[in-house]
Amino acid sequence: MTLAEGVWQQIFNFDNYGELLALVRNSLIAGAALGLVGGLVGVFVVMRDLPFAVHGISELSFAGASAALLLGVNIVAGSIVGSLVAAGAIGVLGARARDRNSVIGVIMPFGLGLGVLFLALYKGRAANKFGLLTGQIVAVDTPQTSWLLGTSAVVLVALAVMWRPLLFASADPEVAEARGVPVRGLSFAFMIVLGLAVALSVQIVGALLVLTLVVTPAAAAARLTASPVLLPALSVLFAVASIEGGILLALGSSIPISPYVTTISFAIYVACRLADRYRIRRWGGVRAGT
């Protein structure tokens with residue numbers, strides 16, 4: 330076997346694929362839920378220019394998950410606690426836009442440092458450590474799936490309750506505040522919802538690449554439409570396609586799931602940008618739903 334064939338075999342290996350598929354049933358279910366949550370939350374992340382906040386929250390989520398791994402308790406719960414602490418701190422200390430990036434810049438290294446400390450103290454399997462950073466597909470057991478689905482339901486209910494005023498406040502905060510919309514309260518509430526969504530995503534794609542689920546699908550969809558209906562629908566479609574496709578491709582290989590999910594998500598984004606450029610050349614600069 331040549332070197333190229335060996336590398337290809339590592340990246341794509343479909344031997345005994347049917348038998349392996351049964352091992353990721355929980356991951357496929359969790360992935361569908363995360364795609365739905367990430368796609369919807371990502372719409373507001375893009376509208377409110379919060380990608381940096383997503384990365385900052387993911388670092389504290391990583392720290393919480395690492396602490397849970399060290400203590401032998403539920404990793405999903407630890408990840409959620411870490412995310413909520415970060416989201417709450419950003420929401421309170423970075424209420425004004427000009428303060429937010431500084432607060433996130435302080436929180437990120439602190440969270441990453443804590444996570445590295447907890448992992449250094451952990452003496453268990455190295456795969457568990459690596460999985461918190463790059464994701465895992467076969468480590469989502471039934472209790473974790475229940476936690477993921479339950480938390481996803483909380484996020485979806487919260488988004489349903491505040492969708493219209495949050496959309497208004499995200500699109501034009503000054504006018505929304507003048508109309509009596511509680512802009513600051515909605516901002517803080519959304520940061521908590523974002524924290525939960527990030528905590529869920531860390532379980533599948535790892536702390537380093539959460540942006541690929543919470544930002545890239547919505548950014549790709551925004552290249553095609555500005556419709557308040559089509560934008561979240563396409564964002565969810567792209568997120569679900571990325572994570573489910575990544576799980577299925579990573580199943581037969583020895584490579585972590587993250588490169589597959591990020592590659593699919595990036596390919597979708599590039600395709601949407603090319604379609605956007607073609608539309609501009611052909612029809613002008615107006616997007617569908619504007």
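Going by our numbering, the sequence shown opens with residue 330, and the numbers climb by one from there.
Don't be surprised by glycine CBs; every beta carbon is placed ideally from N, CA and C.
| query | result |
| --- | --- |
| What number of angstroms, rounded off, separates the C-alpha of L523 from the C-alpha of G453? | 30 angstroms |
| Classify A396 as buried or exposed, calling it buried when 16 or more other Cβ atoms lie within 10 Å of its own Cβ. | buried |
| What's the call for Y607, buried or exposed, on a 16-neighbour Cβ count within 10 Å? | exposed |
| How about the stretch 368-385 and the stretch 398-412: do they share at least three Cβ pairs that are nearer than 8 angstroms? | no |
| Whose C-beta lies closer than 6 angstroms to the C-beta of S564 among residues of the same chain, with five residues either side of it excluded? | G368, G371, V372, P546, A547 and A550 |
| Mind checking which residues open and close the alpha helix (DSSP H) that includes P380? | P380 to L400 |
| What are the uninterrupted segments assigned as alpha helix (DSSP H) that are 4 or more residues long and contained completely in the stretch 480-516, given in chain order? | 502-507 |
| Note down, in chain order, each residue of its chain lying with its Cβ closer than 6 angstroms to the Cβ of Y589, except the 5 sequence neighbours on either side. | G575, L578 and A579 |
| Comparing C-alpha positions only, which one of A536, L515 and I584 sits nearest to G420? | L515 |
| Run through DSSP, which three-state label would Y451 get? | coil |
| Excluding the five sequence neighbours on either side, which residues of its own chain have a C-beta within less than 6 angstroms of the C-beta of W476, listed in chain order? | V405 |
| Is S582 helix, strand or coil when you go by DSSP? | coil |
| Under the rule that 16 or more other beta-carbon atoms within 10 Å means buried, what is I609, buried or exposed? | exposed |
| Report all residues from its chain with a CB closer than 7 angstroms to the CB of Y598; omit the five preceding and five following residues, and keep chain order. | T545, A548 and A549 |
| Which residues mark the beginning and the end of the alpha helix (DSSP H) in which V370 is found? | R354 to M376 |
| How many Å lie between S594 and L350 at the Cα? | 22 angstroms |
| Report the CB separation of A536 from S387 in whole angstroms; it is logged as a contact under 8 angstroms. | 5 angstroms |
| If S571 and T541 are in contact, beta carbons under 8 angstroms, what's the gap, nearest whole angstrom? | 7 angstroms |
| Thinking C-alpha only, which one of S390, R354, I358 and M376 is nearest A528? | S390 |
| How is the alpha helix (DSSP H) around A416 delimited, first residue to last? | I404 to L422 |
| Going by beta carbon distance, what residues of the same chain come within less than 8 angstroms of V374, once the five residues before and after it are set aside? | P380, A382, V383, L523, V543, V544 and A547 |
| Out of T554, T474 and T591, point me to the one whose CA is closest to V569's CA. | T591 |
| V599 lies in the alpha helix (DSSP H); which residues open and close that run? | S587 to W612 |
| For S431, is the classification buried or exposed, using 16 other Cβ atoms within 10 angstroms of its Cβ as the cut-off for buried? | exposed |
| How would you label V531, buried or exposed, when you count the other beta carbons within 10 angstroms and need 16 or more for buried? | buried |
| Suppose the cutoff is 7 angstroms on Cβ atoms and the five residues either side in sequence are ignored; what does the same chain contact list for A416 look like? | I386, M520, I521, L523 and G524 |
| Could you give the first and the last residue of the continuous alpha helix (DSSP H) run that contains L542? | L540 to V543 |
| Under 8 angstroms, do I584 and I533 count as touching if we go by C-beta distance? | no |
| State the CB to CB distance for the pair A361 and L461, rounded to an integer number of angstroms; the pair is presumed to be in contact (CB under 8 angstroms). | A361 to L461, Cβ: 22 angstroms. No contact. |
| In angstroms, rounded to a whole number, what distance separates the CA positions of L365 and T474? | 15 angstroms |
| Less than 8 angstroms separating the beta-carbons of V512 and A500? | no |
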